[in-house]
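Protein sequences, first through last, are from chains R, U and X. Residue 194 in the working numbering sits at position 173 of the first sequence, with consecutive numbering throughout. Residue 647 in the working numbering sits at position 104 of the second sequence, with consecutive numbering throughout. Residue 286 in the working numbering sits at position 168 of the third sequence, with consecutive numbering throughout.
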Amino acid sequence: MADPFKARNPFAPWDRRELPGMFDVEETARRVGHYKWAEMKLFEVLGGWIATVPEIDVKLRLGTHCYKHAWHSELWHKRLPELREMNPDRLTVPPNDAMIRFIAAFTEPEAPEMTIEKLVGAYRVFIPHFISAYTFHLNNTSQITDGPTIRSLKFILQDEFEDWRDGEMLIQSLLTTPAEVKRASEHQARLEILLIEAGGIAGPGTIGSAYAE
Amino acid sequence: MRKFFPVSDLARDERFNQVTNEERMADPRGSGNTGVIRKARSTNRLTPSRPDATDAARNLMHGIMVGEIQALEGAGRTCFDFVTGEEAPFALKLDMARQCWDEARHVEISVKLSEWMGTELGQFVENTVLFAAACSQDPVMRLAGVNRALEGLAIDVFTTMKEFGEIAGDPYLAFCEDWMLADEVTHVKMGSDWLRKITENDPERRKKALEFQTVVDKLFSYGGLRSESDESPILLARRFRELAGFTDSEITEIADVSLAALNERREALERTLAPSPA
Amino acid sequence: MTVTVEPSIFSIVNYDANEIAEVANEMLKLLGMGSKNLTIEVDETVAMSRVIATAGDPIVVHVLSSAFENLKSPLSFSADNARLSLGRGLLRVRDRQSGNFDDAPLDDALSIVESAVWETYCVGRLVKLGLKVHKQRWHYNFRNRHGFNDATDRQFEQIWNADNLDWSQLMEISRNCAT
């Protein structure tokens, strides 16, 4: 039996986590507040659309996904006080006016014939942007100091990937003609332009910059 | 997308046909194949021993399924219709979103059970009364009408269907109803807790909400569908209602409302069956 | 051959006596009973689906209104449901007239188990004659009356696929469900 009193390294050889991270507490709180605001908007709209879509399988998926995004917003809501923000509402805001315009355009479709637009907005624009924002955060935050955010990000990303796949499959099942493909891509482009203007879910720098300085 | 979505615009595929509660109540024959008030029987309780039990259970299961769809839609609309923090607390919306997931599962369960029982989607007419109760512009009214009145009825219905499955030896029915019953108790309790919390300092608003609940309770007791009498197909489930946060006096009040609805229906039937004057 | 529908004018449900008579004539021919006289009594005050048939001349089929109803659209007529309901009632009459069902109780005295067995036998034959039927509905009814197990399912299939059984054979199969 190994000697229990023999000195061991606090970080095992397979644990390669590092201290440095791109975000301090304040920046993390700012981002988390934007995430919470965006997740709230998403779950509210998904909930609102349930009554407007005639396709029963879509209706049921929206109901299921509505809860997942509500839970994400709850996770971020609970994280904010841990990041020194005792009034979570103060940071539960959009990053800029462009994001508000994006949400307005995203929310707009209501008619029962517009399921394609609703799903494209959620699953080809909004959720992919969540995935990229969360992935960037996960890969750039301190692996040691920001453990609680990382844990939430991992739970949430798992949901986002699954929901994105569900939504994408529903969209593909609805796109049966060239005209429908065009409709989908035009709506996607319209929303994408607005979200680019916003700089992403957390505003400019949501996923950093890929260009050499 | 509009705030406050009218019941007339509820989206359905081609299989479904919707009627309003007024249209349904205008049917002089009573409340359909669930078999309310058949005079020749010693009991109308929905049990396998009833000659029409299979079809009545199929009809009721279809009613449960479309009811779950509307409950899903209603909870979803409550997530969207109210401004967070100003008109509805964030935590209330989280509960409503959770309810969306639960109701979506209930639709899935009900669809599978309907297939098991030999019913096709949309085979029976859909009464939109449930979503109508979820259209109030006050979230507290929705909690009273949907979570307490409607989900309360769901507790009664699921208890009856669970017993039906147990007596018939139907393994799927009893199993599924048991699970759905657990969720419904949670939803009713959610409604009871929020109603008390939001109206804590607003007795007038609470009074209005409880009055609305009584109206909806009576609607859902229409024709004596649910009461403590053997003449009703659905039994008022006192025990599970207690678990859901109803007080004894509240349960007694619902029992009284239900009995009154049963008596009204009985009198109407007697008038219908009475020989016409020469 | 005469088909009479009572009432001739409906005041609660939106049924047409002539349309019902047309469906009835079609079913009589389909079942090889084209020479029979038939009276159909519709109780339009009750929204249930019961069908009671009495052999005689005329044959009398008493139905509650939902037996002919489009359940998707209350109070309106469904020719498909009318075909199925009349077919079930008329097949029971034809069985009784064959002499092989002399021991069977009258329709309104059938137990719920006897009724489920005979309904299965009738509907199974109607399927073979081309009627649109959702088999699972009848399977579920049979299970409700005999139990949810493999033996019940086997006996259901035996009855559903048969076309030459007598009353005692039906009852024997029904009893076998318990084993």
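Just so it is clear, CB atoms sit at the ideal spot from N, CA and C, and this is done for glycine as well.
For this session: Please report the Cβ distance between X/CYS240 and X/ALA269, rounded to the nearest whole angstrom; I am assuming they are in contact, meaning their Cβ atoms lie under 8 Å.
Result: About 22 Å; that fails the 8 Å criterion.
Exercise. Within the chosen definition, does the segment 599 to 617 of chain U reach the segment 662 to 675 of chain U through at least 3 CB pairs nearer than 8 Å?
Worked result: yes
Problem set entry | Helix, strand or coil at X/HIS252 according to DSSP, with G and I counted as helix | coil
For this session: Have a look at X/GLY205, X/LEU249, X/GLY207, X/ASN262 and flag the residue whose alpha-carbon is nearest the alpha-carbon of X/VAL231.
Result: X/ASN262
Exercise. Within the 8 Å Cβ cut-off, does X/ASP134 reach chain U?
Worked result: no
Exercise. Considering U/ASP726, what are the terminal residues of the alpha helix (DSSP H) in which it resides?
Worked result: 714 to 741
Exercise. Based on the DSSP output, what are the partners of X/ASN262 in its beta bridges?
Worked result: According to DSSP, which records beta bridges pairwise, X/ASN262 is partnered with nothing at all.
For this session: Scan the segment 169 to 199 of chain X for residues whose Cβ lies nearer than 7 Å to a Cβ of chain U and list them as they occur along the chain.
Result: SER183, SER184, LEU189, LYS190, SER191, PRO192, LEU193
Problem set entry | Members of the segment 99 to 130 of chain R near chain U, C-beta cut-off 8 Å | ASP110, THR128, GLU129, PRO130
For this session: Measure the C-alpha to C-alpha separation of R/LEU140 and R/PRO225 and round it to an integer number of angstroms.
Result: 25 Å
Exercise. Just reading off the beta strand (DSSP E) that X/GLU124 is part of, what are its end residues?
Worked result: 121 to 124
Exercise. From R/PRO238 to R/PRO31, what does the alpha carbon distance come to, in whole angstroms?
Worked result: Residue 238 of chain R lies beyond the residue range present for chain R, which begins at 22 and ends at 234; the question has no answer from this structure.
Problem set entry | N-terminal and C-terminal residue of the alpha helix (DSSP H) that X/ALA200 is part of | 197 to 215
Exercise. Can you round the beta-carbon distance between U/PHE633 and U/THR702 to whole angstroms, since I take them to be within the 8 Å contact cut?
Worked result: So it is not a contact: roughly 33 Å between Cβ atoms.
Exercise. Which whole-angstrom value is the C-beta distance of X/GLU159 and X/VAL178, which I expect to be below 8 Å?
Worked result: 7 Å
Exercise. Going along the segment 48 to 76 of chain R in order, which residues come within less than 8 Å of chain U, judged by CB to CB distance?
Worked result: MET61, PHE64, GLU65, VAL66, LEU67, GLY68, GLY69, TRP70, ILE71, ALA72, THR73, VAL74, PRO75, GLU76
Exercise. Grouping DSSP H, G and I as helix and E and B as strand, with all else coil, what is U/ARG558?
Worked result: coil
For this session: Confirm, please, whether the CB-CB distance from X/SER292 to X/VAL235 is below 8 Å.
Result: yes
Exercise. What are the boundary residues of the alpha helix (DSSP H) that R/LEU96 is part of?
Worked result: 77 to 103
For this session: Note down, in chain order, each residue of its chain lying with its Cβ closer than 8 Å to the Cβ of U/ILE698, except the 5 sequence neighbours on either side.
Result: LEU724, GLU727, VAL728, VAL731, ALA780, PHE783, ARG784, ALA787
Exercise. When the Cα of R/PRO116 is compared with those of R/TYR232, R/ILE217, R/ALA233, R/ALA231, which residue comes out closest?
Worked result: R/ILE217
For this session: Report yes or no: do three or more beta-carbon pairs, one from the segment 178 to 192 of chain R and one from the segment 116 to 135 of chain R, lie closer than 8 Å?
Result: no
For this session: Please confirm if the segment 676 to 686 of chain U is in contact with the segment 741 to 755 of chain U, defined as three or more CB-CB distances below 8 Å between the two stretches.
Result: yes
Exercise. Residue range of the beta strand (DSSP E) that X/VAL178 falls in?
Worked result: 177 to 182
Problem set entry | Contacts of R/GLU218 in chain U (Cβ-Cβ under 8 Å) | Simply none; closest approach about 22 Å.
Exercise. What residues from the segment 152 to 167 of chain X come within 8 Å of chain U, judged by C-beta to C-beta, listed N to C?
Worked result: GLU162, THR163, VAL164, ALA165, MET166, SER167
Exercise. Sorry if obvious, but does the Cβ on R/GLU207 come closer than 7 Å to a heavy atom of the ligand MG?
Worked result: Judged by which ligands are present, the structure shown has none, so any question about the ligand MG falls away.
Exercise. Using 8 Å as the Cβ pair cut-off and three pairs as the minimum, do the segment 658 to 665 of chain U and the segment 98 to 117 of chain R touch?
Worked result: no
For this session: For chain X, find out if any of its Cβ atoms is closer than 8 Å to the Cβ of U/GLN613; answer yes or no.
Result: no
Problem set entry | Range of the contiguous alpha helix (DSSP H) that encloses R/ALA126 | 118 to 128
For this session: For chain R, find out if any of its Cβ atoms is closer than 8 Å to the Cβ of U/CYS643; answer yes or no.
Result: yes
Exercise. So which residues of chain U does R/TYR144 contact, with C-beta pairs closer than 9 Å?
Worked result: In chain order: nothing, as chain U lies at least about 17 Å away.
Problem set entry | Backbone secondary structure at X/ASN143 - three-state DSSP | helix
For this session: Classify R/VAL74 as helix, strand or coil using the three-state DSSP reduction.
Result: coil
Exercise. If you check the beta carbons only, do R/GLU181 and R/ILE148 fall under 8 Å apart?
Worked result: yes
Problem set entry | Under 8 Å by beta carbon: chain X residues contacting U/GLU663 | HIS252
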